[in-house]
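Protein chains: 2
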Amino acid sequence: MQEVQEVRADPMKTRIVECVPNFSEGRRPGVVQEIADAVKSVPGVRLLNQTSDVNHNRSVLTFAGEPIAVKSAAFRAISRAAELIDMEKHQGEHPRIGATDVVPFVPVSGVTMDDCVDLARSLGEEVAEKLHVPVYLYEEAATREDRRNLANIRRGEYEGLKKEISLPARHPDFGEPVMHPTAGATVIGARNYLVAYNINLSTPDVSIAKKIARRVRASSGGLMYVKALGIMLDDRNLAQVSMNLTNFKKTPIHVVFNLVKTEAERYGVSVVGSELIGLAPMDALLDAAEHYLRFEDFSREQVLEAKIWGE
Amino acid sequence: MQEVQEVRADPMKTRIVECVPNFSEGRRPGVVQEIADAVKSVPGVRLLNQTSDVNHNRSVLTFAGEPIAVKSAAFRAISRAAELIDMEKHQGEHPRIGATDVVPFVPVSGVTMDDCVDLARSLGEEVAEKLHVPVYLYEEAATREDRRNLANIRRGEYEGLKKEISLPARHPDFGEPVMHPTAGATVIGARNYLVAYNINLSTPDVSIAKKIARRVRASSGGLMYVKALGIMLDDRNLAQVSMNLTNFKKTPIHVVFNLVKTEAERYGVSVVGSELIGLAPMDALLDAAEHYLRFEDFSREQVLEAKIWGE
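From first to last, the protein sequence lines are chains A and B. Residue 2 is where the first sequence starts when you use my numbering, and the numbers rise one by one after that. Residue 2 is where the second sequence starts when you use my numbering, and the numbers rise one by one after that.
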């Protein structure tokens, strides 16, 4: 049979960026709702999750869509937060320097980390210029090595940074070295998608989960992009290796699963199941199917829904 | 943290049906193109593939989208084919009874087989009424057990059916028992998605692939929804188990893979890789990830792209 496969350019909608801004308000639901409404007012942006913590007096929004729309939604949210939140009156347990405290962009599908760095810098410039909120760039978007780490930028929090921002070492990346009188300062950046993934073991002995966690996590010689803890699930009477995978492209889920399984066997323990917490990009799951089924030449273009939905 | 998960109704776009009509024209590319253009003229329908065979004098279009749009595209294509193809002049090796010979609807995502049966019957009624082409229902949409099998309906082909259509046993399901003077008759129905999947073995001995094919296929006692052959890939000097999976929900890809792998081991042979031919629904691949990673409580709603694209 003579095949005529459709050829078409990559449409915008197959490009998906996620944004997970943190706001210094977790006690007045009406204020959080107004910020969330600002996000939802941008066509093509989908608000995926909304979380508030009263003790932290802080809220986190998760939204996604095509890059330009997501950047626009982030700007509207930061702008609304600057109007509604007064850092002079803010109290809460979580470290913070501004009404919009931190804004990471995350590549999900069809975009690179460089694209997200560009988005972060472009948004930073706009926020400083139009809202007069000084902006620091962090993680992959950082312009200085010591600003990769968010904790360094947030040192002294709102109150401390207010005094030190005029010092050259603490000058922002965009805007004047003066805090916004009510909105403070904002950290914007780009990071990898974080997959929260837990593996449950056929044992109530949490010391085994702790030993496996040490073996699998980067900090003690394990896999580069894994953070892990061994914890006890009292309600199920079993131990769990609870993990964050900070780069599922370089350290795929199935590699983590296989290593935990092998380590568990060494203690005569088996894997009873695993849990994906929240959302994950399709690629993170297809990588596992591709691995275990030993696909040759598999392409994401072979997923029927991707062809339809990506229209 | 207090979670506020977005609640929303299932939007239309998450419902995807595929349609794979066969037309009795494979020699005049212009005619095939006009039929393909009729499909593409419906917004929300994506033409995924187009295949013509000169010896069969037959073409196959594959398109997908939301159910109502797909039904509308199918009607336009059948209508155009009735104008452009004259069965009185048609010759080709492949059995056929009409200009549009057979039209299966296939559930892909968010639709049931019953939905596809409804689509098939509703289209059949419309085609008979508006185009005066008699319609037979087959496979899951069949109204009589002996019409589940396409071969029974097509017995005698266009020329034979023209003589026998007036016999009560051969009356169509919709329309008068008279062939359309040029377009003949059409078979419309619903069937499962067909996944074409091959597994390559670490041996040039095709007899091993043939033995494994016999073990794995339904016709010789294997898995219910598997058709399989053992063939030789001369260019790679290895044997392959070449398969069609006719119901990936009830006989998932990973079950087929694991059985072939186990059978291969019995001959001291291993699986060097596998190939997914053409497109597959996302679910078929996620099922494999879910199985091997031993997910507990995994939901399709956890795929980020599905949430965005499904908007």
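All C-beta atoms, glycine included, are put in the ideal place defined by N, C-alpha and C. Quantities reported herein were computed from a predicted structural model and do not represent experimental measurements.
Beta-carbon proximity list for residue i, same chain, < 8 Å, skipping 5 on both sides
i: R171/B; result: L162, E165, P178
i: E264/B; result: K212, I213, R216, V217
i: P173/A; result: A129, P135, V136, Y137, I166, A186
i: L202/A; result: I209, A210, I213, L239, A240, Q241, V242, A265, V270, S271, V272, V273
i: S220/A; result: K228
i: R156/A; result: L162
i: H133/B; result: G176, E177, H181
i: I154/B; result: I98, Y137, Y139, R148, V188
i: F296/A; result: A290
i: E35/B; result: R81, L85
Contacts that residue i makes with chain B (C-beta to C-beta distance below 9 Å)
i: Q92/A; result: Neighbours of Q92/A on chain B: none; closest Cβ ~18 Å, over 9 Å.
i: K308/A; result: R47, L49, A65, L280
i: L168/A; result: Chain B residues near L168/A: none, gap ~35 Å exceeds 9 Å.
i: L151/A; result: The contacting residues do not exist; L151/A stays about 18 Å from chain B at best.
Interface partners of residue i on chain A, CB under 9 Å
i: G269/B; result: Result: empty, since nearest Cβ-Cβ is about 18 Å, beyond 9 Å.
i: I17/B; result: L305, E306, I309, W310
i: L124/B; result: Correct list: empty, because the minimum Cβ distance to chain A is about 20 Å.
i: L162/B; result: Chain A residues near L162/B: none, gap ~25 Å exceeds 9 Å.
Contact set between residue i and chain B, taken where Cβ atoms lie within less than 8 Å
i: S275/A; result: L294, R295, F296, E297
i: M283/A; result: M283, V304, L305, E306, A307
i: L202/A; result: Here the premise fails: no neighbours, minimum Cβ distance about 11 Å.
i: L234/A; result: What L234/A touches in chain B: nothing, since even the nearest Cβ is about 11 Å away.
i: L85/A; result: Ordered by position in chain B, no residue passes the 8 Å Cβ test against L85/A, which lies about 18 Å from the chain.
Residues near residue i in its chain [Cβ-Cβ closer than 6 Å; skip 5 each side]
i: H292/B; result: H255
i: N50/A; result: T63
i: P108/B; result: M114, C117
i: S275/A; result: I200
i: K72/B; result: L120, L124
i: I278/A; result: A197
i: A1/B; result: Past the boundaries of the shown model lies residue 1/B; chain B is included only from 2 to 312, so the question cannot be answered.
Expected contact under 8 Å - CB spacing of residue i and residue j to nearest Å
i: E141/A; j: M180/A; result: No, E141/A and M180/A are not in contact; Cβ-Cβ is about 25 Å, not under 8 Å.
i: V55/B; j: R28/B; result: 6 Å
i: V242/B; j: V273/B; result: Not confirmed; about 12 Å, so no contact.
i: G190/B; j: Y159/B; result: G190/B to Y159/B, Cβ: 18 Å. No contact.
i: T183/A; j: V270/A; result: That pair is no contact at about 54 Å.
i: R47/A; j: A65/A; result: 6 Å
i: I79/A; j: V32/A; result: With 8 Å as the limit, I79/A and V32/A do not qualify as a contact, their Cβ atoms being about 14 Å apart.
i: D102/B; j: F24/B; result: 7 Å
i: G93/B; j: R59/B; result: 6 Å
i: V112/B; j: R16/B; result: 5 Å
i: V18/A; j: F106/A; result: 6 Å
Neighbourhood of residue i by C-beta, 7 Å cutoff - its chain only, sequence neighbours within 5 removed
i: E306/B; result: none
i: F299/A; result: E291
i: K251/B; result: M225, Y226
i: F249/A; result: Y194, V196, A285
i: K90/B; result: none
i: G45/A; result: G66, E67, A70
i: G223/B; result: R216, V217
i: N245/B; result: L195, A197, K228
i: A37/B; result: L48, Q51, L62
i: M233/B; result: V207, A240
8 Å Cβ cutoff, residue i in contact with chain C
i: A70/A; result: Although the question refers to chain C, the structure presented lacks it and instead comprises the protein chains A and B.
Chain-ordered chain B contacts of residue i [CB-CB under 7 Å]
i: A289/A; result: A290, Y293, L294
i: L230/A; result: Those do not exist, as L230/A stays about 18 Å from chain B at its closest Cβ, beyond 7 Å.
i: L224/A; result: What L224/A touches in chain B: nothing, since even the nearest Cβ is about 16 Å away.
The ligand ZN heavy atom lying under 7 Å from the CB of residue i
i: S275/B; result: No copy of the ligand ZN occurs in the structure displayed, which carries no ligand at all.
Contained beta strand (DSSP E) runs [length at least 3] in the stretch 68-132 of chain A, N- to C-terminal order
For the stretch 68-132 of chain A, whole beta strand (DSSP E) runs of length 3 or above, ordered along the chain, are 101-110.
At what residue ranges does the stretch 204-279 of chain A contain a whole run of the alpha helix (DSSP H), taking only runs of 4 or more?
Scanning the stretch 204-279 of chain A from its first residue to its last, the whole alpha helix (DSSP H) runs of 4-plus residues come out as 207-217, 254-267.
Counting only runs of 3+ residues fully inside the stretch 10-70 of chain A, write out the beta strand (DSSP E) ranges in chain order.
Whole beta strand (DSSP E) segments, 3+ residues: 17-20, 47-54, 59-66.
Could you please tell me which residues of the stretch 108-119 of chain B, in chain order, have their CB closer than 7 Å to any CB of chain A?
So the list reads V109, S110, given in the order they occur along the chain.
Pull out every residue of the stretch 239-273 of chain B whose Cβ sits closer than 7 Å to any Cβ of chain A, in chain order.
Within the stretch 239-273 of chain B, the residues whose Cβ lies closer than 7 Å to some Cβ of chain A are I254, H255, F258, V272, listed in chain order.
Hey, which unbroken runs of the alpha helix (DSSP H) at 4 residues or more fall wholly within the stretch 129-188 of chain B?
Counting whole runs of 4 or more residues, the stretch 129-188 of chain B contains the alpha helix (DSSP H) stretches 151-154, 158-165.
Segments of 4+ residues assigned as alpha helix (DSSP H) that fall wholly inside the stretch 280-306 of chain B
Within the stretch 280-306 of chain B, complete alpha helix (DSSP H) segments of at least 4 residues are found at 283-293, given in chain order.
Interface positions of the stretch 174-196 of chain B facing chain A (Cβ-Cβ less than 7 Å), listed along the chain
Listed by position, the residues of the stretch 174-196 of chain B near chain A (Cβ gap below 7 Å) amount to none.
Of all the residues that make up the stretch 128-148 of chain A, which are near chain B by a beta-carbon distance shorter than 8 Å?
The residues in question: there are none.
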